[in-house]
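Asks: Supplied in structure tokens, the structure appears directly below.
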Amino acid sequence: MADQVLSVLLFVSDRMLNFLSEEGRPFGGLRQEIQLISYEFGHMKAFLQKVAESKHDYDDSQLREWIRQVRDSAYDTEDVIDEFMILFAAPQRLLGFRGSVLRNINSITNFRGRHQLANKLQSLRGRIKNISEARLRYESHYERIIPQIPRRAWRDSKDDDALLAGEAQLVGIDESKKHLISEVLEGGSQLKVIAVLGMGGLGKTTLVKQVHDDATVKNNFQIRAWMTVSQTCDLEKLLKSLIRQLYSAFNEPVMPGMDSMGIYELKVVIRVFLQRARYEIVFDDMWDREFWDALKFVLPENRFGGNCVILTTRISEVAFAACNVGKGYVYRMKHLTFEDSWSLFCRETFKQNLCPSHLENVAEAIVGKCEGLPLAIVAISGLLATKDCSRIEEWERVRNKLRDDELEGTGRLERAKKILRLSYDDLPPTLKTCLLYTSIYPEDHEILCSRLIRLWVAERFVEARSGLAAEEVAWDYVQELANRSLIQVSGLNYRGYPFVIHIHYLLREVLVSESVEQNMMTIVGNSQMTTSSAMVVRRLVFHNSPIDDTISERHHHFSNLRSLIALGCKEPPSNALLTELIMSNKFLKVLNLHGVPMEEIPKSIFDLFHLNHLSLAYTKIKIVPQSIKKLRNLECLDLKNTNVKTLPMEILKLQKLHHLFVIQHVDFSNRDLGCYGFIPPSNMGKLTELQTLERVDASENDKTRILSEIGKLVRLRSLGITDIRPKDGKELCSSLVNLTSLRALRLTSSIEEKDKLLDLGHCFSPTSLPSIGHLSLRGRLEKMPPWIRNLERLRSIKLTWSCLKDGPLESLQYLPNLIEVSLIQAYEGESLCFKAGGFPKLQKLQLQNMKGLMWLRVEEGAMPKIKRLVLQELPLLEELPSGFENLRQLEELELWSVSSHLTMKLESEAFQECEEYEQIAHIPRVLLGFRRDGRWSLRVLSQKKRAITRAARQTFDTNDSVAATLVCDSAICSAAPSFWPLGFHLLLLVCFFLFLCIFIRKICMI
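Have a look at this one:
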């Protein structure tokens, strides 16, 4: 709680400093009041910083109440500042004599308002002074305690991650165990460091304990130790505990004087001891990279070789830092498959491993909620094991109310949450606030990271720093949360950052509970309201619930909103109700009406002076009125998938605008259409703060001069332009040269047949577009633009309708960072060759709708990291591409609508016995899709031979050449049984012929 209040104080204090620094404000006596409040806040921040850094759960109700009072006083101070800005801000922008006159008039007109604000500030300062005096009492008491408090004292056992109980109950770890054992026993002269990485509750400790206790591992290492690190661990105590384990393993007494040794002497003792024999040491639950840095020099390489250190961690940075020592290997724990999850669930719940048939549907739904997290599965199983199996309604109630209070207090579920809570508590204050904010999304919601980041920035949880824009800092925050395994990543964007994420429901439970505790937000959904007992609500969120009269009934709670967010509202609110809600919350900064089926923008929105984020995406609005000019603090305007086609000239008044989205996606079944942009007003170059412009329609460039205006928007990071004509090429290229910060560029030609050409061949300097990471070109190209081969940071490219006569690969294959390539109707030639050394980092390749392509060739050394390859709508491709056997990292091959000849060949059973099959035998997953009788059919090609081949290859990796040879011989024999009778007959024929020759020779000699 102290962390979140500290974040509030930091934000409000910064606002006060910025407010006081502005010249020309008619402060009068208000300045001194604000300065005194700022001074008191400074002392409060210092104390809260100590409380937050101690990471201690204070049970003192008085201290918690004091922290709440600090938060409320900070919020009230923010209200006063915001109200002052509404009263006096407008005239401050006017210069000269007219501005001076208007400021004086405004000061006189608002004299009464200023007097009221002064009274509020005086009352507030008195209240804050009393709160600050209470701080002095707490500070003198808690400063004696805080240095003595460990960072976290909850863990007192080694098996919290191993909640899965006994060995007999383990499920789904056999393959992982075998794999890790082979890594542990690999041998070699260098120290082997294995880091097992994954979120809490995945069973890292369970798996590593099984490896550590395996008989083969035990026999291979003379020195073995298991150390639990955790957040609370003290380095000196850990070193002493390790020494005791080492000496105990050799049945030797610990050396005298160890208790009086310092850290350096203890390290020397351990390092000398580990020279005695081959060792294997486990460090369980490593949280801190610095802690590892302090340990790694204790672990020597010795003359025995084959030494191994295993650590478990939830933090990616720790895992990869540890694996920089010696021979490192990071093993990422995977969530259980549904089959393994089901097996574990049945074993824990029913003991007989069989689920009663009448419970299967509801039980499967519950298991699905656990999303492969063993900790969650066992926790839910422990609850359901107490339910009567004959009463299905009890099970349905659990399924429907997994988030309800009746599950609180169940030991295992609470313990699972406690483990997840541990990861949350370890976060720094800013990250903690950002993660807490994800609880605005409903359960199982796919969270688009770019949208979440814009909300973080709008809420001022993230600020620019060290030359990085706030959005760039926020992307680093997302990556850090992913590294800590607190968010589950469903996809990566072109920069390698998480693109779509979701929050495990157990963690979300922790976050919702914490947000209610801290009065961070109130959630309305399914006729229920999740809120704290506090009277003042700052953020109101609707989940799949209409904005209806229930809000009016609690109107007194909702008059100080800073954020109003609607997600999944399917019924349009009454205009009167929405207007009432908005007008009573004049300090609103975030208004997200995403998907609310409304047809016009309520006029009351344009009176929200402080509004900086407005999302009307997926609504039915058609017109943006001229009143938009009143939202002078607006930074993000999202009108995606609305019916808006144009924007008024008044949009140019929004000088703080960073992100502008006006895109309408259309039916993709029509290949000539993708999405519409908007017709911009003239002089768009005045919006100099723009970072995102998606998508602008260039069809009226002759009038709007939009393409030349774009060249003035030098801060742009993402740009999309539609309806580009051939004659626009030179002007467009001239503007793009200025956009040195551009990360993503999407260009689409006109849909008119005569204007489909994208003319991008105009001269670029080699240093143009230095930061571009994603490029999408949608339209006909006479040839590949020569400047593309200079885009060294390019990670993703998509060419659609290019219809190139010459192959595009020459321009792309030596780009050093290219990860994803999509070529859709991009080439009209007959052949493509991927040359040796080309596409060094490519992971995904899509070739689609190339009617003339007859053959592909992959040279050895090309695409060494390719993982997924899609060949689609290639009707003349009659043979598998030559050289596929060189793609050793390929994990998935998809063949869709290739020639009927190739389809029939791949379908036949005989194909799996011919030599050509060896080209794809190493690929784990091969899909064949084709249309038959007007329907799509999908077939997964048999993996029998591929499994045998992999088994043989894995056996070779064990360094047991004799066993490997035997396995390979048996694999070859079993892989080709149909050839054995023919070989046997040939052998008999040869023997008969030799016998006949010898017989004839003897006859001749006689």
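Residue numbers (the UniProt record's numbering): 1 to 1006.
The beta carbon of each residue, even a glycine, is placed where N, CA and C say it ideally should be.
1. Going by DSSP in three states, Ala-964 sits in which element: helix, strand or coil?
2. Using DSSP with H/G/I as helix, E/B as strand and the rest coil, what is Asp-340?
3. Give me the Cα-Cα distance between Leu-246 and Trp-226, rounded to the nearest whole angstrom.
4. For the alpha helix (DSSP H) containing Pro-429, name the first residue and the last one.
5. Report the option in Gln-843, Glu-348, Met-261 whose CA atom is closest to the CA atom of Glu-236.
6. At the level of alpha carbons, what is the spacing between Leu-511 and Phe-461?
7. For Gln-116, which option in Pro-429, Trp-287, Asn-701, Val-80 has the closest C-alpha, if you only look at C-alpha atoms?
8. Rounded to the nearest angstrom, how far is the Cβ of Leu-769 from that of Leu-747, given a contact under 8 Å?
9. What separation, rounded to the nearest whole angstrom, lies between the Cα atoms of Val-217 and Ser-515?
10. Smallest Cα separation from Leu-654: which of Leu-611, Val-696, Glu-517?
11. If you run the structure through DSSP and keep just helix, strand and coil, what is Ala-698?
12. Helix, strand or coil for Arg-484, going by three-state DSSP, please let me know.
13. Alpha carbon to alpha carbon, how far is Ile-819 from His-922?
14. Would you kindly check if the distance between the Cβ of His-613 and the Cβ of Val-590 is under 8 Å?
15. Spatial neighbours of Gly-566 within its chain, please: C-beta separation below 7 Å, excluding the five flanking residues on both sides.
16. Can at least three beta-carbon pairs, one atom from the region 304-315 and one from the region 273-289, be found at a separation below 8 Å?
17. Can you tell me where the beta strand (DSSP E) with Thr-619 in it begins and where it stops?
18. Considering Cα atoms alone, identify which of Val-229, Lys-756, Arg-789 is closest to Thr-767.
19. Can you name the start and end residues of the beta strand (DSSP E) that Ile-194 belongs to?
20. Report yes or no: do three or more beta-carbon pairs, one from the region 352-370 and one from the region 311-331, lie closer than 8 Å?
21. Please report the Cβ distance between His-762 and Lys-730, rounded to the nearest whole angstrom; I am assuming they are in contact, meaning their Cβ atoms lie under 8 Å.
22. Just the Cα atoms here: how many angstroms apart are Leu-577 and Ser-718?
23. Determine the contact status of Phe-283 and Val-318, defining contact as a CB-CB distance below 8 Å.
24. Along the chain, where does the beta strand (DSSP E) containing Tyr-331 start, and where does it finish?
25. For Leu-180, which residues of its own chain have a beta-carbon under 6 Å away from its beta-carbon, when the five flanking residues on both sides are left out?
26. Taking only beta-carbon positions, decide if Arg-695 is within less than 8 Å of chain D.
27. Any idea what DSSP makes of Val-926, helix, strand or coil?
28. Starting from the Cα of Leu-384, find the closest Cα among Ile-710, Lys-351, Leu-373 and give me that residue.
29. Considering only the beta carbon of each residue, do Val-926 and Leu-902 sit closer than 8 Å?
30. Once the 5 residues before and after Trp-896 are set aside, which same chain residues still bring their CB inside 6 Å of it?
31. Counting C-beta neighbours from all protein chains within 10 Å, is the total for Phe-250 16 or more, i.e. buried, or is it exposed?
32. Roughly how many angstroms lie between the CA atoms of Phe-41 and Arg-562, to the nearest whole one?
33. Are Thr-646 and Ile-679 closer than 8 Å when you measure CB to CB?
34. May I ask you to report which of helix, strand or coil DSSP gives Val-269?
35. Do Gln-691 and His-665 have their beta-carbon atoms positioned less than 8 Å apart in this structure?
36. Skipping 5 residues on each side, what residues in its chain have a beta carbon closer than 8 Å to that of Lys-756?
Replies: Working from what's here:
1. Bear in mind that a pLDDT of 30 at Ala-964, under 50, signals an unreliable position, so the model cannot answer this.
2. helix
3. 10 Å
4. 429-437
5. Met-261
6. 16 Å
7. Among Pro-429, Trp-287, Asn-701, Val-80, the Cα nearest to that of Gln-116 is on Val-80.
8. With a Cβ gap of about 12 Å, Leu-769 and Leu-747 do not count as contacting.
9. 46 Å
10. Of the candidates Leu-611, Val-696, Glu-517, the one whose C-alpha sits nearest the C-alpha of Leu-654 is Leu-611.
11. coil
12. coil
13. 22 Å
14. At the C-beta level, Val-590 and His-613 come within 8 Å of one another.
15. Here residue 566 is Ala; the residue named in the question, Gly, does not match the sequence. So the list reads Phe-542, Ile-547, Asn-592, Leu-593, His-594, Val-596, once near-sequence residues are dropped.
16. yes
17. Run containing Thr-619: none; DSSP gives neither H nor E here.
18. Arg-789
19. 192-197
20. no
21. In this structure His-762 is in contact with Lys-730, their Cβ atoms being roughly 5 Å apart against a cut-off of 8 Å.
22. Cα-Cα distance, rounded: 37 Å.
23. no
24. 327-332
25. These residues qualify, in order along the chain: Val-211.
26. Absence of chain D from the displayed structure is noted, only one protein chain being present.
27. Under the three-state reduction of DSSP, Val-926 is assigned to strand.
28. Nearest in C-alpha terms to Leu-384, of all of Ile-710, Lys-351, Leu-373, is Lys-351.
29. no
30. Gln-872, Gly-929
31. exposed
32. 21 Å
33. yes
34. Look at Val-269 here: in three-state DSSP terms it is helix.
35. Against a cut-off of 8 Å, the Cβ pair of Gln-691 and His-665 comes out as no contact.
36. Ser-749, Ser-750, Gly-779, Arg-780, Trp-801
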